[in-house]
Amino acid sequence: MYMTITQKIIAKHAHKDYVSPGELVMADIDLALANDITGPVSISEFRRAGAKKVFDKTKVALIPDHFAPNKDIKSAELCKTLREFANEQQITHYYEVGRMGIEHALLPEQGIVLPGELVIGADSHTCTYGALGAFSTGVGSTDLAYALMTGKVWLKVPETMKFIYHGKLNPWVTGKDLILYTIGDIGVDGALYKSMEFSGEAISSLTIDERLTITNMAIEAGGKNGIIEPDEVTIEYVKAR
Numbered sequence: 048m049y050m051t052i053t054q055k056i057i058a059k060h061a062h063k064d065y066v067s068p069g070e071l072v073m074a075d076i077d078l079a080l081a082n083d084i085t086g087p088v089s090i091s092e093f094r095r096a097g098a099k100k101v102f103d104k105t106k107v108a109l110i111p112d113h114f115a116p117n118k119d120i121k122s123a124e125l126c127k128t129l130r131e132f133a134n135e136q137q138i139t140h141y142y143e144v145g146r147m148g149i150e151h152a153l154l155p156e157q158g159i160v161l162p163g164e165l166v167i168g169a170d171s172h173t174c175t176y177g178a179l180g181a182f183s184t185g186v187g188s189t190d191l192a193y194a195l196m197t198g199k200v201w202l203k204v205p206e207t208m209k210f211i212y213h214g215k216l217n218p219w220v221t222g223k224d225l226i227l228y229t230i231g232d233i234g235v236d237g238a239l240y241k242s243m244e245f246s247g248e249a250i251s252s253l254t255i256d257e258r259l260t261i262t263n264m265a266i267e268a269g270g271k272n273g274i275i276e277p278d279e280v281t282i283e284y285v286k287a288r
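Residue numbers (our numbering): 48 to 288.
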């Protein structure tokens with residue numbers, strides 16, 4: 048039976064030949080992401096559950112990017128919690144202030160996310176990485192804590208809405224304009240818990256930066272994830288990392 052890109056990625060990570068929309072599955076993850084707001088909550092739940100070690104220190108990314116520099120004592124304490132946990136667990140992808148950036152720009156730039164992977168993050172804009180052909184979605188801090196312990200996440204397989212953009216964009220029109228127009232057309236809940244798959248000539252002509260902008264905003268339409276089929280542009284971008 049046919050499956051969408053999103054279904055194929057979820058099926059592979061759930062060790063199943065086929066998954067259907069609405070089905071509940073337990074899937075392996077390739078990366079778990081948290082920042083200085085959501086990470087401390089996940090760490091607290093991780094410890095409360097009695098966990099001692101993360102499932103794989105190379106598959107966790109911790110990025111203190113929301114309060115950099117720290118604006119007050121509370122934000123400094125949150126970043127301290129993240130830093131101490133990263134040091135304790137010897138997290139490979141911990142990015143301290145001075146060698147970091149906005150999490151959703153940093154991970155693609157560092158080559159940490161690849162096509163076909165399953166990525167979860169305790170941040171609603173984790174859907175950004177779909178521009179690279181990955182299934183990526185935001186989860187709550189407690190779900191992330193479970194993933195840190197087990198390397199797994201439970202998912203309800205989303206239905207897919209496919210958006211095909213014909214023609215080419217006019218000068219000074221960007222991917223940001225395209226996704227804002229799309230959301231304006233379908234509404235802020237027009238893709239509620241759906242996979243938004245973007246395709247067509249206009250998408251193929253976009254740079255990776257513009258594609259990242261489009262998938263980043265899938266959540267603004269209520270989408271579970273945004274995704275673009277990998278092409279030569281994607282491959283060249285990933286190879287350069």
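Note that the Cβ used here is the ideal one computed from N, Cα and C, for glycine as well.
Computed from a predicted model, the values in this text were never measured in an experiment.
Looking at L179, A178, L165, the one whose alpha-carbon comes closest to that of V186 is L165. Pairing I250 with V88, the inter-Cα distance amounts to about 37 Å.
According to DSSP, W201 shares a beta bridge with M73. Counting other Cβ atoms within 10 Å of its Cβ, A61 reaches 16 or more and is therefore classed as buried. Taking 8 Å as the cut-off, the beta carbon of K203 is found closer than this to the beta carbon of L71.
By the Cβ neighbour-count rule, Q137 is exposed, with fewer than 16 other Cβ atoms within 10 Å of its own. At the C-beta level, E244 and I56 stay beyond 8 Å of one another.
Taking the CA atoms as reference points, S91 sits about 37 Å from L227. DSSP, reduced to helix, strand and coil, places H172 within a helical segment of the structure shown. The stretch 98-117 and the stretch 208-216 do not touch, with fewer than three beta-carbon pairs separated by less than 8 Å. If you ignore the 5 residues before and after E143, its C-beta comes within less than 8 Å of the C-beta of P111, R130, all in its own chain and listed in chain order. Spatial neighbours of T260 in its own chain (CB-CB distance under 6 Å, excluding positions within 5 residues in sequence) are listed in chain order as G222, K223. Shown here, S252 sits in coil according to DSSP, grouped into three states, outside any helix or strand. Contact check for I282 and V200: beta-carbon distance about 27 Å, past the 8 Å limit, so the pair fails to qualify. Short of 6 Å from the beta carbon of M208, and not among the five residues preceding or following it, lie these beta carbons of its own chain, in chain order: A238, K241, M243. For E143, the three-state secondary structure derived from DSSP is coil. Within the DSSP bridge table, the entry for M243 names M208, G273 as partners. Rounded to the nearest angstrom, the gap between the Cα atoms of G86 and I255 is 28 Å. Per the coordinates, the alpha-carbon of D119 lies some 13 Å from the alpha-carbon of D83. Non-local beta-carbon contacts of K106 in its own chain, meaning distances under 6 Å to residues more than five positions away in sequence, involve L78 in chain order.
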